[in-house]
Amino acid sequence: MALNDHSYLVDKMTVKRRAMTMARELRKHMTLAEIVFWNEVKNRKFYGFKFLRQHPIFYDFWGKKKFFIADFFCKDLSLIVEIDGGIHEQQKEYDEHRTEILEVQKELNVIRFKNEEVLSNINGVLKKLRKIIAN
């Protein structure tokens, strides 16, 4: 790459800008289950841990900057919480691949809860989450 070749920087900024725009839109259109979970963890309500919602996680794939948007991310716990709706039944392979990248390359822990579980038993979800982080 030549000294005056800024294409890498432009590409990197484009990816970041696209991720931030997408995350912002997802925050505006959260599912009911995501809203219920968010209301329980926002403002450090969950044992003082800071959670971010619809947060971009960047990674490298064959030298290219890529990203996933985590439903919820807690940096202090290196934890991603995914709230899965019906679409995830049709994209199990994609979700497994995504989880592998996040856990291996980014060294993050990923846990998943189904929409129905969050909506019908948020206290049980929080109890499971607490048990997972206590280990």
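Quick note on our numbering: the sequence shown kicks off at 258 and runs consecutively.
Idealized CB from N, CA, C, for every residue including glycine.
The model shown is predicted, which means the values in this text are computed figures rather than measured ones.
Cβ atoms of Asn378 and Thr288 stay farther apart than 8 Å, at about 16 Å.
Counting along the chain, Tyr351 sits inside the alpha helix (DSSP H) bounded by residues Lys349 to Glu357. The stretch 278-356 is shown to contain whole beta strand (DSSP E) runs of 3 or more residues at 309-318, 321-331 and 336-341, in chain order.
Close CB contacts of Ala280 within its chain, under the 7 Å cut and outside five residues either way in sequence, are with Gln311, His312, Pro313 and Ile326 (chain order). When beta bridges are read from the DSSP output, Val367 appears opposite Ile337.
Counting C-beta atoms within 10 angstroms of its own C-beta, Glu291 has 16 or more neighbours from the protein chains shown and is therefore classed as buried.
Under the 10 Å beta carbon count, Glu364 is surrounded by fewer than 16 other beta carbons and is classified as exposed. Look at Asn380 here: in three-state DSSP terms it is helix. Around Val367, the same chain offers Ile337, Glu339, Thr356, Leu359 and Glu360 as residues with beta carbons nearer than 7 Å, after the five sequence neighbours per side are excluded. Take Ile389, set aside five residues on each side of it, and the residues of its chain with a beta-carbon closer than 7 Å to its own are Ile368, in chain order. Secondary structure of Asn392 (DSSP, three-state): coil.
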